[in-house]
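Shown next, in structure tokens, is the structure this report addresses.
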Amino acid sequence: MGFIVSVVIAYLLGSISCAILVAKFLNLPDPRTQGSGNAGATNMLRTSGTKAGIMVLIGDVLKGIIAIVIGYLFHVKGFGLGLVGLAAVIGHIFPLFFKFKGGKGVATAAGALLAISFWTFIFVLISWGIVLFITRFVSLASIIAGLAAPIYLLIGGNYVFFVPFALVSALIIWKHSSNIQRLRAGTEGKVKFG
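Taken in order, the sequence shown gives residues 87 to 280; the numbers are from the numbering used here.
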């Protein structure tokens, strides 16, 4: 029973679109109508500035962390806990409260991973940072990080989380399909440092 309650709460938590709420709070345009049309931190950063982007990033990461903490409180463990994290990511991508049009799930997945395995999160974050620094493509860094997470979980002996995070990885890559097309075409936007 605790598992089911945790999954439902995680999905509902994930369904809270921080990008849309921050946009409303700061009197900014709906992120789904701006830039890439994605209700996530990167699009908010590009279209609405650093403050909005950071607020959304923190909120989206917290959704993943809180979902896992709730799972712990209901004594959910192992594979089930991984599914709780997956539910939060699904909620972020397909939010019940916002007509099932959400973000790409990267930050929420990162939050869930942080709460499940700190060191795996650190290695994934380092991988993300290296790819971003070398290529300046946020999308490519996110795709590589998504692919790396289940592999690092295996290497670290966290076998029970492999399947849930492999599914998270598949969702993240699927949500980046348009980015992959632009990367292949050489039209994907790069971030500027400094």
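Every residue gets a Cβ at the ideal spot worked out from N, C-alpha and C, and that includes glycine.
Small disclaimer: the values here were computed from a predicted structure and weren't measured.
| Check | Outcome |
| --- | --- |
| Would you identify the three-state DSSP class for N124, choosing helix, strand or coil? | coil |
| Go to R268, then tell me how far its alpha helix (DSSP H) extends in each direction, as first and last residue. | 263 to 271 |
| In the DSSP assignment, find the alpha helix (DSSP H) that holds T136 and state where it starts and stops. | 136 to 159 |
| Measuring straight from C-alpha to C-alpha, what distance separates L200 and R270? | 31 Å |
| Would you say the segment 162 to 171 touches the segment 216 to 234, given that touching needs at least three Cβ pairs under 8 Å? | no |
| In this structure, how does DSSP classify S101 when only helix, strand and coil are distinguished? | coil |
| Report the CB separation of W214 from S228 in whole angstroms; it is logged as a contact under 8 Å. | 7 Å |
| Decide if M83 is buried, meaning its Cβ has at least 16 other Cβ atoms within 10 Å, or exposed. | Here the chain covers residues 87 to 280 and nothing more, so residue 83 does not appear. |
| What are the uninterrupted segments assigned as alpha helix (DSSP H) that are 4 or more residues long and contained completely in the segment 152 to 203, given in chain order? | 164 to 179, 192 to 202 |
| Quick check on the burial criterion: 16 or more other C-beta atoms within 10 angstroms. Buried or exposed for K163? | exposed |
| Using a Cβ distance threshold of 8 Å, determine whether the segment 236 to 247 contacts the segment 100 to 115, with at least three qualifying pairs required. | no |
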